[in-house]
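Keeping their order, the protein sequence lines are chains A and B. Residue numbering for the first sequence follows my numbering, starting at 728 and increasing by one per position. Residue numbering for the second sequence follows my numbering, starting at 38 and increasing by one per position. For every residue, glycine included, the Cβ atom is placed at its ideal position computed from N, Cα and C. None of these values were measured; they are calculated from a predicted model. Reviewing the structure listed below.
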Amino acid sequence: MTLKLTYREAVRAALREALASDSRVFLMGEDVGRYGGAYACSKGLLEEFGPERVRDTPLSEAAFVGAGIGAALGGMRPIVEVMTVNFSLLALDQIVNNAATLRHMSGGQLSVPLVVRMATGGGRQLAAQHSHSLEGWYAHIPGIKVVAPATVADARGMLCLALREPDPVFIFEHAMLYPMEGELDEATVHLDLPRAAVRRPGTDVTMITYGGSLRKALEAADRLAEEGVEAEVLDLRSLRPLDTPSILVSIAKTHRALVVDEGWRTGSLAAEISAQIMEGAFYDLDGPVARVCSAEVPMPYAKHMEDAALPQPGAIVRAVQEMLARRG
Amino acid sequence: MTGAAAPAIRPDHVVPERIHALELLREMLRIRRFEEKAAELYTGGKIRGFLHLYIGEEAVAVGTMQALTAEDAIVATYREHGQALARGIPAGALMAEMYGKANGCSRGRGGSMHFFDVTRRFYGGHAIVGGGLPVAVGLALADTLQRRTRVTACFFGDGAVAEGEFHESLNLAALWKLPVLFLCENNLYAMGTALARHQAQTDLCRKAESYGLCAERADGMDVLAVEAATRRVAEAVRLGLGPHFLELQTYRFRAHSMYDPELYRTKDEVEQWKSRDPITTFAARLRDCRLLSEADLADLEAAVTAEIDDAVRVAEEGPWEPVEDLTRDVYTPVSRS
């Protein structure tokens, strides 16, 4: 059966299924209970599952993320919601020094099966303390896994897959995607967590992207198609580990690569992907890898300035046109 | 159970039961001799990295551990040799860990600051001050959610009270009435900064009470006082009366780490505290009660020396982890069908 629902509803459905199917699962975070979630992802779950399993926390990111780590060590399957990526910085000690290290540092004695979800990204005029895309930072850290569902189906499916992982998984939900509608086939078999997905096949250039930038890349690809340029759009889905083989396979076909990443360009995930392409597909390339990233500024509030700071379909189209113009 | 007004617990009138008393003495001696050997091996280059000695604070680890069962969990700090030994992790596994050997309790990945033993529910070995507290809260939350009656004992120093994680964790544990026993080892210095130089409120029990925890303090140089106080508060935690805070007033006789020139305290102060050495004072007390003879003490020392020698042998003979295993256990192996 095919359902039409929003990304937000898909997240909620996934949470509900997780709570219903495994008594070890519980959800905690700021305003996840009575308020229903800052992005309404957990609306109704408190009423359905009760305050023991849908737990409102104080504004204590370090304590409740750390408590998630401890509860995971103690046999639970916690889902921790951090309201937005900028707030997760208050829990970085727990994430980097504990969640990511405990297994290796204990010589393999411990596993931390923790799932942390948070909203990321700009586009809602929330300025410089609510709009950044820091998932690339998290993808830098060995010991954790980082995923970014870009579609309604992945919003539904990735949580369930994350809960099956024995190690910490960080799910970055782009805030602009919550109202996005999509179709969900209940019979869909979800792709493995670390696998990238070709969202649009093409032959002339590979666009490598994830999360909130996927829609922009697809829109740009549609515009390019009108000019007779067929772009392949690869949705990374997992940012750590990266599905490098899928990237290389696509480039072997298209011979051109453009990375679209809402993070800042310097030291970005886009930089890492570019390096991996250079290492693994240098001789397949017809030209240099290009990148469309966010402008290197704290996110401004004014709409026209925020738009200018973020990757946009127009900039993606132009970047591809420039690549093709260099064609010898 | 009030904070500032609570008298230090000094059950001097109590004559301990002999076998138990000798056990306490033996445990403290094990820690002292183990660390003296570790310091020597550090100087000799066998142990590297940071080495934070517990010497002077042995009564805290030994006294508190008496009140905990095998089911309880322990979260400790980077100065955790005492807790690990008192918890029963074999000295050889600890020494091997400090050597960096694969037969160490953390496979040589952690060193002195990161002892782990999941079979003994010893969850580290945390070297970020305050970083263990949220984890302890979570372990206790898991117990509560799974209807298990057990205690999570969380050790930290006076320096940790300055960290946000201390305040967040005490509040969360109290809010959710979780079975956490917060054990604050107040040795008066956050590395080299005296409590009064970094805290506006130096009464640590009052801080805990402000979050709704029952708080008390005990003389951390007196193993019987530590044991009695910990038994009392651990029992309250076990009964479901919510988290408790116990401040153990103690002193480290050695430098913060092997690199510390100790410019921040006087030799007189150190000597005064050394006159309250938890081992010599307890041994003297036992002699006064005719519970300990010189022959008993000699036997204890001989047994401890043999154990430490054996631990060094285990470490010396232990294998190095093969370099090929460098990235093993960054993630948990999963079989994907």
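By the rule that beta-carbons nearer than 8 Å mark a contact, Q1039(A) does not touch chain B.
A distance below 7 Å between beta-carbons, with the five flanking residues on each side excluded, links A266(B) to the following residues of its chain, in chain order: I46, E253, A255, L283. The segment 60-69 of chain B makes contact with the segment 91-104 of chain B: 3 or more CB pairs, one atom from each, lie closer than 8 Å. Look at R116(B): its C-beta is not under 8 Å from any C-beta on chain A. Annotation: E775(A) has no Cβ neighbours in chain B at a cutoff of 9 Å; minimum Cβ distance is about 17 Å. Between A1017(A) and M1050(A), the C-beta spacing is below 8 Å. Distance from the CA atom of Y160(B) to the CA atom of S833(A), rounded to whole angstroms, is 9 Å.
The beta carbons of V874(A) and R964(A) sit about 6 Å from each other, so the pair counts as a contact at 8 Å.
Below the 9 Å Cβ cutoff, chain A contributes no neighbours of Y91(B), its closest Cβ being approximately 20 Å away. Within its own chain, the residues whose Cβ lies closer than 6 Å to the Cβ of D154(B), once the five positions on either side in sequence are excluded, are I126, C142, listed in chain order.
Nearest neighbour of W213(B) by Cα position, chosen from Y248(B), L220(B), T230(B), turns out to be Y248(B). T186(B) has a beta carbon lying at 8 Å or more from every beta carbon in chain A. Straight-line spacing of the CA atoms in E200(B) and F193(B) works out to 11 Å.
Residues of chain B whose Cβ lies closer than 7 Å to the Cβ of D881(A) do not exist; the shortest such Cβ separation is about 18 Å. When DSSP states are grouped into helix, strand and coil, Q286(B) belongs to the strand group. Taking the Cα positions, I978(A) is about 15 Å away from V987(A).
Straight-line measurement puts the Cα of I898(A) at about 8 Å from the Cα of L886(A). Under the 8 Å criterion on CB atoms, R70(B) is classed as non-interfacial with respect to chain A. Residue contact with chain B for L918(A): absent (no Cβ-Cβ distance below 8 Å to any residue of chain B). Residue contact with chain A for D180(B): present (Cβ-Cβ distance below 8 Å to some residue of chain A). Residue state for A104(B) is assigned as coil, using DSSP reduced to three classes. Ranked by how close their Cα comes to the Cα of L78(B), the residues L363(B), S149(B), T189(B), R157(B) have S149(B) in first place. For R327(B) and R55(B), the gap between their C-alpha atoms comes out near 9 Å. The beta carbons of T828(A) and A902(A) sit no closer together than 8 Å.
Contact with chain B is absent for Q852(A), since none of that chain's Cβ atoms lies less than 8 Å from the residue's Cβ. For C887(A), the three-state secondary structure derived from DSSP is helix.
Rounded to the nearest angstrom, the Cβ distance from G100(B) to V260(B) is 5 Å, consistent with a contact under 8 Å. For the set V112(B), N140(B), A76(B), the Cα lying nearest the Cα of G175(B) is the one of V112(B).
E779(A) has a beta carbon lying within less than 8 Å of a beta carbon in chain B.
Legend: CB atoms of the segment 810-837 of chain A lying less than 7 Å from CB atoms of chain B belong to residues D820, Q821, N824, N825, R830, H831, M832, S833, G834, G835, Q836, L837.
Close partners of G884(A) in chain B (Cβ separation under 7 Å) are lacking, with about 16 Å as the shortest Cβ gap. Separation of the CB atoms of G801(A) and Q821(A) is rounded to 15 Å, and the pair is thereby denied contact status at 8 Å. Secondary structure at T936(A): strand, using DSSP grouped into helix, strand and coil. Taken in chain order, the unbroken stretches of alpha helix (DSSP H) that lie wholly in the segment 901-983 of chain A and span 4 residues or more are 940-953, 971-981. Proximity of the segment 937-950 of chain A to the segment 740-760 of chain A falls short of the contact definition, fewer than three beta-carbon pairs being nearer than 8 Å. Interface annotation, G82(B): not in contact with chain A, CB-CB separation never under 8 Å.
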